[in-house]
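Taking it in order: structure first as structure tokens, then the write-up.
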Amino acid sequence: MVLLCLLLPFQAGAAATLYVTDRLAADLYPAPRAAGKPMQQLPTGTALQVLTRQGDFVRVRLPDGSEGWIHQRQLQEDMPAQVLLLSLAQQHERTVRELDNTRRQLAEQTRAAQENHQVSRSWWMFFAVLVSLVTGFILGIMWLDWRIRERHGGFRL
Numbered sequence: 134m135v136l137l138c139l140l141l142p143f144q145a146g147a148a149a150t151l152y153v154t155d156r157l158a159a160d161l162y163p164a165p166r167a168a169g170k171p172m173q174q175l176p177t178g179t180a181l182q183v184l185t186r187q188g189d190f191v192r193v194r195l196p197d198g199s200e201g202w203i204h205q206r207q208l209q210e211d212m213p214a215q216v217l218l219l220s221l222a223q224q225h226e227r228t229v230r231e232l233d234n235t236r237r238q239l240a241e242q243t244r245a246a247q248e249n250h251q252v253s254r255s256w257w258m259f260f261a262v263l264v265s266l267v268t269g270f271i272l273g274i275m276w277l278d279w280r281i282r283e284r285h286g287g288f289r290l
């Protein structure tokens with residue numbers, strides 16, 4: 134039970150992701166001490182998977198799969214401001230492109246709706262003129278028939 138309680142903090146830290154701080158670069162060492170030449174320098178914002186902790190050093194795995202030790206003061210849980218700013222700038226560019234596309238689609242749909250409305254209005258006007266002509270023709274025939282009957286004493290000729 135005591136062993137389980139001691140291992141619990143290490144397991145919780147194993148799944149965490151930390152980032153290199155807002156410094157220009159952080160040194161990655163092969164052992165948990167800052168002595169000797171670093172294996173490589175990590176740029177700001179590099180996401181690192183935490184494997185274990187030993188004193189002031191943290192054993193981490195890089196995105197390419199390589200592992201090493203880095204001093205904990207060069208790490209932070211939050212994404213660095215520089216990386217966050219780049220991410221937000223990219224998101225802003227995507228949003229602006231989506232807005233432009235949406236505006237373009239709205240303009241096309243508005244234009245199509247106006248054309249449909251004009252065609253619809255033309256159709257109704259054509260129908261109204263046709264009905265008026267047919268009604269006028271029928272009324273004209275009925276009036277002519279009435280005049281003929283009135284002239285010839287009620288007989289149709």
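The sequence shown begins at 134 in this note's numbering and counts up by one. Yeah, the Cβ is synthetic: ideal placement off N, Cα and C, and Gly gets one too.
Exercise for the section: Could you name the residues that DSSP lists as bridge partners for residue 239? Expected result: Note: residue 239 sits in no beta bridge, so no partner.
Handout entry: residue 160 - containing beta strand (DSSP E), residue span
Key = 158 to 161
Exercise for the section: Using three-state DSSP, classify residue 230 as helix, strand or coil. Expected result: helix
Exercise for the section: Please specify which runs of the beta strand (DSSP E), each continuous and at least 3 residues long, are wholly inside the segment 176 to 232, giving them in chain order. Expected result: 180 to 187, 190 to 194, 200 to 204
Handout entry: Rounded C-alpha distance that separates residue 280 from residue 272
Key = 12 Å
Handout entry: When 187, 217, 149 are compared against residue 177, the one with the closest alpha-carbon
Key = 217
Handout entry: Residue burial classification, residue 175 (beta-carbon count within 10 angstroms, cutoff 16)
Key = buried
Handout entry: Whole-Å CB distance - residue 187 paired with residue 165, under 8 Å assumed
Key = 5 Å
Exercise for the section: Starting from the C-beta of residue 107, find all residues in its chain whose C-beta is less than 8 Å away, skip the five residues before and the five after it, and write them out in chain order. Expected result: Only positions 134 to 290 of the chain appear in this structure, which leaves residue 107 out of reach.
Problem - Neighbourhood of residue 138 by C-beta, 6 Å cutoff - its chain only, sequence neighbours within 5 removed - result: Per-residue confidence for residue 138 stands at a pLDDT of 40, beneath the threshold of 50, marking its modelled position as unreliable; no derived number is given.
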